[in-house]
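Anchor point for the sequence shown: position 65 equals 65 in the UniProt record's numbering, and the numbering is continuous, going up by one each time.
All residues carry an ideal CB built from backbone N, CA and C; glycine is no exception.
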Amino acid sequence: MILAVLSALAEPTRLEAMRLLADGSEHCVCELMRKLGATQSRMSRHMLVLKQAGLVLDRRDAQWVRYRINPDLPLALARLVDAALERPIMVTERAA
């Protein structure tokens with residue numbers, strides 16, 4: 001699992017997407033692609049990698065897909081993501 005997380009975070013666009021999501025709110029692909037200068041298909045693929053690594057959750061809202069950081073990341077993974085982003089993320093499981 002840690003290898004999948006490290007691999008997902010090693011790509012600059014995905015790392016920047018995680019930085020945007022670190023505010024704790026949901027962001028749609030359209031917002032992420034605009035801020036990161038990526039096409040819709042490319043951004044969707046990046047978000048799929050982050051989702052498969054367990055880092056983000058998605059929610060369909062009509063024609064939009066909204067993403068947020070997985071609030072239930074195990075503490076070790078949350079710390080790893082915090083270090084990669086150089087800032088704390090909003091997760092629920094912090095005291096384990």
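I believe residue i touches residue j by the beta-carbon criterion, under 8 angstroms. Please report the beta-carbon distance rounded to the nearest angstrom.
i, j, result
"Leu32", "Ala17", "5 angstroms"
"Leu85", "Ala10", "With a Cβ gap of about 13 angstroms, Leu85 and Ala10 do not count as contacting."
"Val5", "Leu55", "6 angstroms"
"Arg45", "Asp58", "So it is not a contact: roughly 13 angstroms between Cβ atoms."
Which one of the options has the shortest CA to CA distance from residue i?
i, options, result
"Arg60", "Ala53, Gly54 and Arg68", "Arg68"
"Gly37", "Asp23, Thr13, Glu26 and Cys28", "Thr13"
"Cys30", "Ala83, Trp64, Leu80 and Asp82", "Trp64"
"Gln52", "Arg79, Asn70, Ala62 and Ala83", "Asn70"
"Ala62", "Ser7, Cys28 and Arg19", "Cys28"
With 16 other CB atoms within 10 Å as the buried threshold, where does residue i fall?
i, result
"Arg42", "exposed"
"Ala96", "Low local confidence applies: a pLDDT of 46 at Ala96 is under 50, so the model's placement there is unreliable, with the coordinate-based value given in what follows. It is exposed - the Cβ of Ala96 has fewer than 16 other Cβ atoms within 10 Å."
"residue 150", "As displayed, the chain neither begins before 1 nor continues past 96, which places residue 150 out of reach and without an answer."
If you reduce the DSSP assignment to three classes, tell me which class residue i lands in.
i, result
"Ile2", "helix"
"Arg87", "coil"
In terms of residue numbering, what span does the alpha helix (DSSP H) encompassing residue i cover?
i, result
"Leu57", "Per DSSP, Leu57 belongs to no alpha helix (DSSP H); it is in the beta strand (DSSP E), Val56 to Asp61."
"Ala17", "Pro12 to Leu21"
"Ser41", "Gln40 to Gln52"
"Leu32", "Val29 to Leu36"
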